[in-house]
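Colleague: When you read off a place in the sequence shown, starting at 1, and then add 270, the result is the number in this note's numbering. Virtual Cβ for every residue (Gly too), placed ideally from N, Cα, C.
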Amino acid sequence: MEAINIGGAFTSLLSGMPVRRKPARSGALRHTGAPVLRNSIEAGTFEESFFTLPAAGELHKIYATAKRAVDEANRLRRVARSGERTLTVAERILLGLTEKGLRVLEELLTLARLNKGQVYPSYEYLMDRTSIGRATITRALATLERLGFVIRQRRFKRVAGEGAGPRYHQTSNAYRMQLPQRLVTLVPRWLRPAPIPVDLEQHHLEQIGETKAMLATLSCKEFAEATVGGALGKILARLGAGVDRVEREAHNGTQPLLESIR
Numbered sequence: 271m272e273a274i275n276i277g278g279a280f281t282s283l284l285s286g287m288p289v290r291r292k293p294a295r296s297g298a299l300r301h302t303g304a305p306v307l308r309n310s311i312e313a314g315t316f317e318e319s320f321f322t323l324p325a326a327g328e329l330h331k332i333y334a335t336a337k338r339a340v341d342e343a344n345r346l347r348r349v350a351r352s353g354e355r356t357l358t359v360a361e362r363i364l365l366g367l368t369e370k371g372l373r374v375l376e377e378l379l380t381l382a383r384l385n386k387g388q389v390y391p392s393y394e395y396l397m398d399r400t401s402i403g404r405a406t407i408t409r410a411l412a413t414l415e416r417l418g419f420v421i422r423q424r425r426f427k428r429v430a431g432e433g434a435g436p437r438y439h440q441t442s443n444a445y446r447m448q449l450p451q452r453l454v455t456l457v458p459r460w461l462r463p464a465p466i467p468v469d470l471e472q473h474h475l476e477q478i479g480e481t482k483a484m485l486a487t488l489s490c491k492e493f494a495e496a497t498v499g500g501a502l503g504k505i506l507a508r509l510g511a512g513v514d515r516v517e518r519e520a521h522n523g524t525q526p527l528l529e530s531i532r
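Set out below in structure tokens:
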């Protein structure tokens, strides 16, 4: 079980700052000498939480945005060749998106539509379906990932082998497609997500303000009970009760008792 610094957690709680915990393990194994790439996760252990069922029209919006992005990349190439101005870093990244990259994305989106968002094709499959070479597909996927169209997760699998211990080998990546928010302006207006109504946004902001005001009126014990659950919440609540008692005694002008908090 992960050890938690109770004193640090309680100090963070009282200051309104989030409790910092050690990052959870990714599930990737560092198996020296094994043919497994860095940041790989074992196939079959994470896909349920990684893949998402595409919403109605979502895949079409992603493709439409990518198609507009290719047109914009072609325009920027003309600008670069003419020497009109120096391209920004973001524009230079966009230059990596080509018609072949769009074809790779189209195939991934097709698989997402047919398989309810579960996409994990091999490079050989993509090469066969798109008639594009492996090196070009590798570059296309890297560009799509940098632009935010694709989230890619490397995977490995256990295989039978001679000798003691399991054997691991790299297998196909898992892919999840999304609409990059920074490229939403390239989407036709009728395909863009509807903006949040002003009154709804204002109501949300008011709720946040009311919640903060309410929490500010709570004692340390009540604050811990309201914001932290589980065993840690109970421990912090007991510590908070001790702090509340010391503050009350100090406010009443009496000498606080030096006793341990049980």
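Give a yes or no on whether the minimum CB-CB distance between G403 and chain D is below 8 Å.
Modeller: Absent here is chain D; the protein component of the structure consists of one chain.
Colleague: Just the C-alpha distance for I332 and G418, rounded to the nearest angstrom, thanks.
Modeller: So the alpha carbons of these two residues sit roughly 10 Å apart.
Colleague: Out of E517, L307, V516 and K337, which has the shortest C-alpha to C-alpha gap to L375?
Modeller: Of the candidates E517, L307, V516 and K337, the one whose C-alpha sits nearest the C-alpha of L375 is K337.
Colleague: Enumerate, from N- to C-terminal direction, the unbroken alpha helix (DSSP H) stretches of 4 or more residues contained entirely within the stretch 328 to 368.
Modeller: 328 to 352 and 359 to 364, all fully within the stretch 328 to 368.
Colleague: Determine the direct distance from the alpha carbon of T441 to that of E394, and round the result to whole angstroms.
Modeller: Between E394 and T441, the C-alpha separation is close to 12 Å.
Colleague: If you follow the beta strand (DSSP E) that A444 is in, where does it begin and where does it stop?
Modeller: Taken as a continuous stretch (DSSP letters only), the beta strand (DSSP E) holding A444 covers R437 to M447.
Colleague: Compute the beta-carbon to beta-carbon distance between M447 and L378, rounded to the nearest angstrom, for a pair I have assumed lies under 8 Å.
Modeller: Indeed, because the Cβ distance is near 6 Å, the residues count as touching under 8 Å.
Colleague: What residues are listed by DSSP as bridge partners for V429?
Modeller: Beta-bridge pairing links V429 to R437.
Colleague: A382 and L329 - do their beta-carbons sit closer together than 8 Å?
Modeller: Cβ atoms of L329 and A382: closer than 8 Å.
Colleague: Shortest alpha-carbon distance to I407 belongs to which of A430, N385 and T368?
Modeller: The shortest C-alpha separation from I407 is found at T368.
Colleague: State the beta-bridge partners of E312 as determined by DSSP.
Modeller: DSSP lists F426 as partners of E312.
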